[in-house]
Amino acid sequence: ESLLDDEDDAIEDEVLRDNNLVAIKHSAEFASNKSPHTPTNRICSSLFSRERLAFLLQYALVYVNEADGKQKHVMRYPQLFATKAIERKLNEGTRQGIIWHTQGSGKTALAYYNTRFLTDYFQARGTVPKFYFIVDRLDLLTQAKGEFTARGLKVHTIDSREAFARDIKTTKAVHNDTGRPEITVVNIQKFKDDPDVVRTEDYDV
1281 ESLLDDEDDA IEDEVLRDNN LVAIKHSAEF ASNKSPHTPT NRICSSLFSR ERLAFLLQYA
1341 LVYVNEADGK QKHVMRYPQL FATKAIERKL NEGTRQGIIW HTQGSGKTAL AYYNTRFLTD
1401 YFQARGTVPK FYFIVDRLDL LTQAKGEFTA RGLKVHTIDS REAFARDIKT TKAVHNDTGR
1461 PEITVVNIQK FKDDPDVVRT EDYDV
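The opening residue of the sequence shown carries number 1281 in the working numbering; numbering runs sequentially from there.
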(Lines of atoms letter the chains of each structure in order from A and count residues from 1; the text may use other names and numbers.)
(Lines give C-alpha, C1' and ligand atoms only; values in the text may rest on other atoms or scores of the structure.)
Protein backbone atom coordinates (compact mmCIF):
# COMPACT_ATOMS: atom_id res chain seq x y z
CA GLU A 1 0.00 0.00 0.00
CA SER A 2 2.91 2.35 0.69
CA LEU A 3 3.82 2.12 -3.01
CA LEU A 4 0.55 3.83 -3.95
CA ASP A 5 -0.22 7.54 -3.91
CA ASP A 6 -3.25 8.77 -2.00
CA GLU A 7 -6.50 8.66 -3.93
CA ASP A 8 -7.27 11.78 -5.95
CA ASP A 9 -10.95 12.22 -6.83
CA ALA A 10 -10.19 14.68 -9.61
CA ILE A 11 -7.84 12.24 -11.39
CA GLU A 12 -10.25 9.36 -10.82
CA ASP A 13 -13.13 11.35 -12.31
CA GLU A 14 -11.01 12.33 -15.31
CA VAL A 15 -10.06 8.69 -16.00
CA LEU A 16 -13.66 7.52 -15.66
CA ARG A 17 -14.94 10.26 -17.96
CA ASP A 18 -12.25 9.50 -20.52
CA ASN A 19 -13.37 5.85 -20.60
CA ASN A 20 -17.10 6.69 -20.44
CA LEU A 21 -17.42 4.83 -17.14
CA VAL A 22 -18.60 7.55 -14.76
CA ALA A 23 -21.61 5.38 -13.84
CA ILE A 24 -19.44 2.82 -12.02
CA LYS A 25 -17.80 5.31 -9.64
CA HIS A 26 -20.00 4.51 -6.65
CA SER A 27 -20.54 0.82 -7.35
CA ALA A 28 -19.38 -1.81 -4.84
CA GLU A 29 -17.43 -3.62 -7.57
CA PHE A 30 -15.41 -0.50 -8.45
CA ALA A 31 -14.65 0.18 -4.80
CA SER A 32 -13.47 -3.40 -4.36
CA ASN A 33 -11.38 -3.42 -7.55
CA LYS A 34 -9.44 -0.29 -6.67
CA SER A 35 -8.77 -1.33 -3.08
CA PRO A 36 -5.02 -1.75 -2.34
CA HIS A 37 -5.89 -4.71 -0.10
CA THR A 38 -7.04 -7.08 -2.84
CA PRO A 39 -4.61 -9.86 -3.86
CA THR A 40 -4.49 -8.71 -7.48
CA ASN A 41 -3.71 -5.13 -6.48
CA ARG A 42 -0.92 -6.27 -4.16
CA ILE A 43 0.63 -8.40 -6.90
CA CYS A 44 0.47 -5.62 -9.49
CA SER A 45 1.72 -2.97 -7.06
CA SER A 46 4.77 -5.00 -6.07
CA LEU A 47 5.54 -6.44 -9.51
CA PHE A 48 5.33 -3.10 -11.27
CA SER A 49 7.03 -0.97 -8.66
CA ARG A 50 9.87 0.96 -10.31
CA GLU A 51 12.60 -0.88 -8.37
CA ARG A 52 11.11 -4.35 -8.92
CA LEU A 53 10.55 -3.80 -12.64
CA ALA A 54 14.10 -2.46 -13.09
CA PHE A 55 15.46 -5.53 -11.28
CA LEU A 56 13.44 -7.90 -13.49
CA LEU A 57 14.59 -6.22 -16.69
CA GLN A 58 18.24 -6.23 -15.62
CA TYR A 59 18.62 -9.64 -13.98
CA ALA A 60 15.57 -11.86 -14.51
CA LEU A 61 15.67 -12.47 -18.26
CA VAL A 62 18.07 -14.68 -20.21
CA TYR A 63 18.23 -16.19 -23.68
CA VAL A 64 19.30 -19.83 -23.52
CA ASN A 65 20.98 -21.47 -26.50
CA GLU A 66 19.14 -24.74 -27.17
CA ALA A 67 19.54 -27.27 -29.99
CA ASP A 68 16.44 -25.89 -31.73
CA GLY A 69 17.34 -22.23 -31.24
CA LYS A 70 17.22 -19.61 -28.51
CA GLN A 71 14.67 -19.75 -25.70
CA LYS A 72 13.80 -16.81 -23.48
CA HIS A 73 13.77 -17.82 -19.81
CA VAL A 74 12.32 -15.70 -17.02
CA MET A 75 13.36 -15.96 -13.38
CA ARG A 76 10.75 -17.94 -11.42
CA TYR A 77 9.19 -16.23 -8.44
CA PRO A 78 10.98 -18.47 -5.86
CA GLN A 79 14.28 -17.57 -7.56
CA LEU A 80 13.37 -13.89 -7.43
CA PHE A 81 12.52 -14.03 -3.73
CA ALA A 82 15.66 -16.08 -3.01
CA THR A 83 17.79 -13.47 -4.77
CA LYS A 84 16.15 -10.63 -2.85
CA ALA A 85 16.63 -12.59 0.39
CA ILE A 86 20.34 -12.96 -0.40
CA GLU A 87 20.56 -9.21 -1.02
CA ARG A 88 18.73 -8.43 2.21
CA LYS A 89 20.97 -10.70 4.29
CA LEU A 90 24.13 -9.27 2.71
CA ASN A 91 22.91 -5.77 3.53
CA GLU A 92 22.42 -6.90 7.13
CA GLY A 93 26.02 -8.11 7.30
CA THR A 94 25.39 -11.86 6.96
CA ARG A 95 28.15 -13.61 5.00
CA GLN A 96 26.87 -17.18 4.75
CA GLY A 97 23.58 -18.96 4.30
CA ILE A 98 21.60 -21.74 2.67
CA ILE A 99 18.87 -21.65 0.03
CA TRP A 100 16.82 -24.85 0.34
CA HIS A 101 15.91 -26.52 -2.95
CA THR A 102 13.98 -29.55 -4.09
CA GLN A 103 14.90 -31.60 -7.14
CA GLY A 104 14.12 -29.79 -10.36
CA SER A 105 13.48 -26.44 -8.68
CA GLY A 106 16.06 -24.51 -10.67
CA LYS A 107 19.30 -24.64 -8.67
CA THR A 108 21.52 -24.10 -11.70
CA ALA A 109 19.34 -21.29 -13.01
CA LEU A 110 19.39 -19.56 -9.62
CA ALA A 111 23.19 -19.84 -9.56
CA TYR A 112 23.31 -18.24 -13.01
CA TYR A 113 21.01 -15.35 -12.08
CA ASN A 114 22.97 -14.67 -8.92
CA THR A 115 26.31 -14.77 -10.67
CA ARG A 116 25.06 -11.78 -12.65
CA PHE A 117 23.33 -10.04 -9.75
CA LEU A 118 26.08 -10.55 -7.15
CA THR A 119 28.80 -9.49 -9.58
CA ASP A 120 27.15 -6.07 -9.81
CA TYR A 121 26.31 -6.05 -6.08
CA PHE A 122 29.89 -6.58 -4.98
CA GLN A 123 31.52 -4.47 -7.69
CA ALA A 124 29.43 -1.53 -6.51
CA ARG A 125 31.16 -2.04 -3.15
CA GLY A 126 34.66 -2.33 -4.57
CA THR A 127 34.91 -6.13 -4.54
CA VAL A 128 35.42 -8.46 -7.50
CA PRO A 129 33.70 -11.76 -6.56
CA LYS A 130 34.49 -15.36 -7.53
CA PHE A 131 31.76 -17.96 -7.91
CA TYR A 132 31.94 -21.73 -7.37
CA PHE A 133 29.28 -24.31 -8.24
CA ILE A 134 30.16 -27.56 -6.48
CA VAL A 135 28.94 -30.99 -7.63
CA ASP A 136 29.82 -34.53 -6.57
CA ARG A 137 29.60 -36.42 -9.88
CA LEU A 138 31.23 -36.02 -13.25
CA ASP A 139 27.89 -36.15 -15.07
CA LEU A 140 26.61 -33.27 -12.94
CA LEU A 141 29.72 -31.26 -13.80
CA THR A 142 29.07 -31.85 -17.50
CA GLN A 143 25.39 -30.97 -17.10
CA ALA A 144 26.09 -27.79 -15.10
CA LYS A 145 28.78 -26.68 -17.54
CA GLY A 146 26.37 -27.11 -20.44
CA GLU A 147 23.58 -25.17 -18.72
CA PHE A 148 25.83 -22.29 -17.68
CA THR A 149 27.43 -22.09 -21.13
CA ALA A 150 24.02 -22.07 -22.81
CA ARG A 151 23.13 -19.03 -20.70
CA GLY A 152 26.26 -17.14 -21.72
CA LEU A 153 28.57 -17.74 -18.76
CA LYS A 154 32.22 -18.62 -19.23
CA VAL A 155 32.76 -21.88 -17.34
CA HIS A 156 36.01 -22.95 -15.67
CA THR A 157 36.12 -26.52 -14.33
CA ILE A 158 38.08 -28.14 -11.50
CA ASP A 159 38.17 -31.86 -10.73
CA SER A 160 41.03 -32.26 -8.27
CA ARG A 161 41.60 -31.07 -4.74
CA GLU A 162 45.01 -29.68 -5.67
CA ALA A 163 43.54 -27.53 -8.43
CA PHE A 164 40.75 -26.35 -6.12
CA ALA A 165 43.21 -25.45 -3.37
CA ARG A 166 45.31 -23.46 -5.84
CA ASP A 167 42.32 -21.72 -7.35
CA ILE A 168 40.68 -20.63 -4.13
CA LYS A 169 43.96 -19.22 -2.79
CA THR A 170 44.52 -16.94 -5.75
CA THR A 171 43.03 -13.47 -5.93
CA LYS A 172 42.39 -13.91 -9.65
CA ALA A 173 38.63 -13.77 -10.11
CA VAL A 174 38.27 -15.02 -13.69
CA HIS A 175 40.20 -17.24 -16.08
CA ASN A 176 39.09 -15.59 -19.33
CA ASP A 177 40.02 -12.35 -21.06
CA THR A 178 36.73 -11.86 -22.88
CA GLY A 179 35.02 -9.81 -20.19
CA ARG A 180 32.26 -12.40 -19.88
CA PRO A 181 31.00 -13.30 -16.39
CA GLU A 182 32.44 -16.57 -15.15
CA ILE A 183 31.66 -19.42 -12.80
CA THR A 184 33.89 -22.29 -11.70
CA VAL A 185 32.27 -25.74 -11.54
CA VAL A 186 34.03 -28.00 -9.04
CA ASN A 187 33.68 -31.79 -9.01
CA ILE A 188 34.53 -33.01 -5.50
CA GLN A 189 33.96 -36.71 -6.27
CA LYS A 190 37.69 -37.45 -6.39
CA PHE A 191 38.66 -35.26 -3.44
CA LYS A 192 40.42 -37.09 -0.66
CA ASP A 193 39.27 -36.73 2.92
CA ASP A 194 41.51 -33.75 3.59
CA PRO A 195 40.33 -31.05 6.01
CA ASP A 196 43.17 -28.81 4.84
CA VAL A 197 42.04 -28.51 1.22
CA VAL A 198 40.50 -25.16 2.06
CA ARG A 199 41.13 -23.02 5.11
CA THR A 200 39.14 -19.91 5.94
CA GLU A 201 42.13 -17.68 5.33
CA ASP A 202 42.60 -19.12 1.83
CA TYR A 203 39.66 -17.15 0.47
CA ASP A 204 39.53 -14.33 3.02
CA VAL A 205 41.40 -11.95 0.70
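Even glycine gets a Cβ: it sits at the ideal position worked out from N, Cα and C.
Computed from a prediction, not measured in an experiment: that's the story for all the values here.
Contact under 8 angstroms by Cβ, residue i with residue j
i            : j            : result
residue 1404 : residue 1465 : no
residue 1488 : residue 1421 : Examination of residue 1488 is not possible in this model, given that the chain is present from 1281 through 1485 alone.
residue 1312 : residue 1320 : no
residue 1467 : residue 1415 : yes
residue 1367 : residue 1412 : no
residue 1351 : residue 1386 : no
residue 1346 : residue 1430 : yes
residue 1383 : residue 1418 : no
residue 1354 : residue 1334 : no
residue 1410 : residue 1453 : yes
residue 1458 : residue 1434 : yes
For residue i, the three-state DSSP class (helix, strand or coil)
i            : result
residue 1456 : coil
residue 1304 : helix
residue 1379 : coil
residue 1411 : coil
residue 1449 : helix
Buried or exposed by the 16-neighbour rule on C-beta atoms within 10 Å, applied to residue i
i            : result
residue 1393 : buried
residue 1328 : exposed
residue 1349 : exposed
residue 1390 : buried
residue 1463 : buried
residue 1567 : Any answer about residue 1567 is impossible in this case: the structure gives the chain only from 1281 up to 1485.
residue 1427 : buried
residue 1281 : Low local confidence applies: a pLDDT of 44 at residue 1281 is under 50, so the model's placement there is unreliable, and no value is given.
residue 1363 : buried
Endpoints, beta strand (DSSP E) assigned at residue i
i            : result
residue 1321 : Note, residue 1321: premise wrong, no beta strand (DSSP E); alpha helix (DSSP H) at 1319-1327.
residue 1346 : 1341-1346
residue 1437 : 1434-1438
residue 1464 : 1462-1467
residue 1349 : 1349-1354
Bounding residues of the alpha helix (DSSP H) (the contiguous stretch that carries residue i)
i            : result
residue 1295 : 1289-1298
residue 1369 : 1357-1371
residue 1471 : Taken as a continuous stretch (DSSP letters only), residue 1471 belongs to no alpha helix (DSSP H), as it is neither H nor E.
residue 1389 : 1387-1403
residue 1426 : 1418-1430
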